[in-house]
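Structure first, commentary second.
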Ligand SMILES: [Zn+2]
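Numbering (the numbering used here), first residue to last: 369 to 676.
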């Protein structure tokens, strides 16, 4: 049996399985680095005990960026700066622990279990708390020197660098279109467009209690301002997608992450509308992943098996 771990900014998921995930448990990710390790161990032990087994190997799909030499993550979207994952877990489970970026894991999962089984050029994008990507080009998973390849959320889409990103830089795609930063982008847009008469303004108590969920909720209720903002987010997403299409020339792009999974039409429609304007390469099929929230876990299972 293998332990598969999906460590996200919002949720921690742990699963157990051999050729598929037999059972999974999840909790909101702990806010302190030391607690994350305890949490991973506790959830894993619960599953191992239930299945009366010990792990042959452990795969971790985690938000990045990484320092692979150290087996640590240095995430901009968590309240701590650094988390050493690999060594403490190898010590605890007495077996090999393999760390992979969650979007690299997701594109692997798409290739082996999802919509990408028949293609050799495939990109996965997550639109979630943050924005990330993974790419398989000519059948090869792109990893990079530190395991940080295809860090698309931090590619610059606004050269005027108007909004600051969690990574400290300005103008990153993620600073405009990720779940964590959409409220900031709405406040920025509200300096240019009149939002005062909108449902969004009313429900967010004058933009003071904004969330990305509220924006999409209002857009679904045909609130004109919310629809306009969703369209603008889609246009910026299309720039990010076009950059990937021009870089990797994929046959298929699958999209996951809570924002896309909860609002498939509102997210995909504007991307498809604008992407032709920005891409020179032939536009591939763009669709929501059929694997839902399990992309990271399934990818973690694949790497645990592969490197066992
Ligand atoms: Zn950034």
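We treat Cβ as the ideally placed atom computed from N, Cα and C, and that holds for glycine.
(1) With distance defined between alpha-carbon atoms, name the residue in 392, 387, 388 nearest to residue 374.
(2) When you compare the CB positions of residue 654 and residue 602, do they come within less than 7 Å of one another, or not?
(3) Is it right to say residue 479 is buried, meaning 16 or more other beta carbons lie within 10 angstroms of its own, or is it exposed?
(4) When you compare only the Cα positions, how much space is there between residue 505 and residue 644?
(5) When every heavy atom of ligand 1 is checked, does at least one fall within less than 6 Å of the C-beta of residue 542?
(6) Quick one: grab the DSSP three-state call for residue 466.
(7) Taking 6 Å as the cut-off, is the beta-carbon of residue 605 closer than that to any non-hydrogen atom of ligand 1?
(8) If contact is defined by three or more beta carbon pairs under 8 Å, each pair taking one atom from either stretch, is the region 590-598 in contact with the region 572-579?
(9) Starting from the Cα of residue 536, find the closest Cα among 629, 464, 487, 449 and give me that residue.
(10) Any heavy atom of ligand 1 inside 6 Å of the beta-carbon of residue 545?
(11) Tell me where the beta strand (DSSP E) around residue 625 begins and ends.
(12) For the beta strand (DSSP E) that residue 385 lies in, which residues bound it at each end?
(13) Between 383, 378, 672, which has its C-alpha nearest residue 627's C-alpha?
(14) What residues in its chain sit with their C-beta under 8 Å from that of residue 523, if we drop five residues either side in the sequence?
(15) Residue 497 and residue 548: beta carbons closer than 7 Å?
(16) For residue 685, which of helix, strand or coil comes out of DSSP?
(17) In whole angstroms, give me the CA-to-CA distance for residue 428 and residue 564.
(18) Is the beta carbon of residue 502 less than 7 Å from the beta carbon of residue 471?
(19) Does DSSP put residue 500 in a helix, in a strand, or in coil?
(20) Does the distance between the C-beta of residue 535 and the nearest non-hydrogen atom of ligand 1 fall short of 6 Å?
(21) To the nearest angstrom, how far is it from the Cα of residue 443 to the Cα of residue 586?
A quick look at the data gives this:
(1) Ranking the options by Cα distance to residue 374, first place goes to 392.
(2) No, these two residues do not count as a Cβ contact at 7 Å.
(3) By the Cβ-count criterion, residue 479 is buried, with 16 or more other Cβ atoms from all chains shown falling within 10 Å of its own Cβ.
(4) When rounded, the separation of the alpha-carbon atoms in residue 505 and residue 644 is 21 Å.
(5) Indeed, a heavy atom of ligand 1 lies less than 6 Å from the Cβ.
(6) Looking at residue 466 - three-state DSSP - the assignment turns out to be strand.
(7) Every heavy atom of ligand 1 is 6 Å or more from the Cβ of residue 605, so no.
(8) In short, these stretches do not touch, since the Cβ pair count stays below three.
(9) Closest in alpha carbon position to residue 536, among 629, 464, 487, 449, is 449.
(10) False, no ligand heavy atom lies under 6 Å from that Cβ.
(11) First-last for residue 625: undefined, no H or E at that position.
(12) Here the beta strand (DSSP E) through residue 385 covers 379-385.
(13) Out of 383, 378, 672, 378 has the C-alpha closest to the C-alpha of residue 627.
(14) Taken in chain order, the residues that qualify are 540, 541, 608, 611.
(15) The criterion of a C-beta distance shorter than 7 Å is satisfied by residue 497 and residue 548.
(16) Residue 685 lies beyond the residue range present for the chain, which begins at 369 and ends at 676; the question has no answer from this structure.
(17) One C-alpha to the other measures close to 45 Å.
(18) The answer is yes: Cβ separation under 7 Å.
(19) In this structure, DSSP gives residue 500 an extended state, which the three-state scheme calls strand.
(20) Yes, the Cβ of residue 535 comes within 6 Å of a heavy atom of ligand 1.
(21) Rounded to the nearest whole angstrom, the C-alpha separation of residue 443 and residue 586 is 31 Å.
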